[in-house]
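K.L.:
With our numbering, letter number 72 in the sequence shown gets 74, and the count goes up by one each step, no holes. All residues carry an ideal CB built from backbone N, CA and C; glycine is no exception. Remember, predicted model here, so these are calculated numbers, not experimental data.
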Amino acid sequence: MSVSVSGKVLFSLLVLAVLSSAIGVVYSKYLSRKRFVALQELQAEQERIGVEWGRLQLEESTLATHSVVERKARDGLKMHLPDFTEIVVIKH
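Structure follows, in structure tokens:
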């Protein structure tokens, strides 16, 4: 049983199509894994940034309390509450 030339060409084209498809699947899987790794890295960075944001909010709330502000003004800037005699009311 002999195979015609057109049959050989068709078979060669089918083999080429199957190989091309296989290479496409492998490349697609490679890109998928690469993007998944990038996604995991971004999620880890998002988690790290979220933790840092929480720490900064806590630090801000601690620094903004009245006692901390008053102590920094008194100790760091040498400020004090004025006596009644030091208060001047200005009217315009």
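#1: Note down the Cα distance separating A24 from S30, rounded to an integer number of angstroms.
#2: Assign I25 to one of three DSSP states: helix, strand, or coil.
#3: Under the three-state reduction of DSSP, which class applies to K10: helix, strand or coil?
#4: If you draw a straight line from the C-alpha of V20 to the C-alpha of R37, how long is it?
#5: Please state whether DSSP places I92 in a helix, a strand or coil.
P.N.:
Per the coordinate set shown:
#1: Residue mapping note: residue 24 aligns to position 22 of the sequence shown, counting from 1. Residue mapping note: residue 30 aligns to position 28 of the sequence shown, counting from 1. About 10 Å.
#2: Walking along the sequence shown from the start, residue 25 turns up at place 23. Note: I25 maps to helix in three-state DSSP.
#3: Along the sequence shown, one-based indexing puts residue 10 at 8. K10 falls in the helix class under three-state DSSP.
#4: The residue given as residue 20 occupies position 18 in the sequence shown. The residue given as residue 37 occupies position 35 in the sequence shown. Using only the alpha carbons, I get a separation of about 26 Å.
#5: To locate residue 92, count along the sequence shown from 1; it is residue 90. Of the three classes helix, strand and coil, the one that applies to I92 here is coil, per DSSP.
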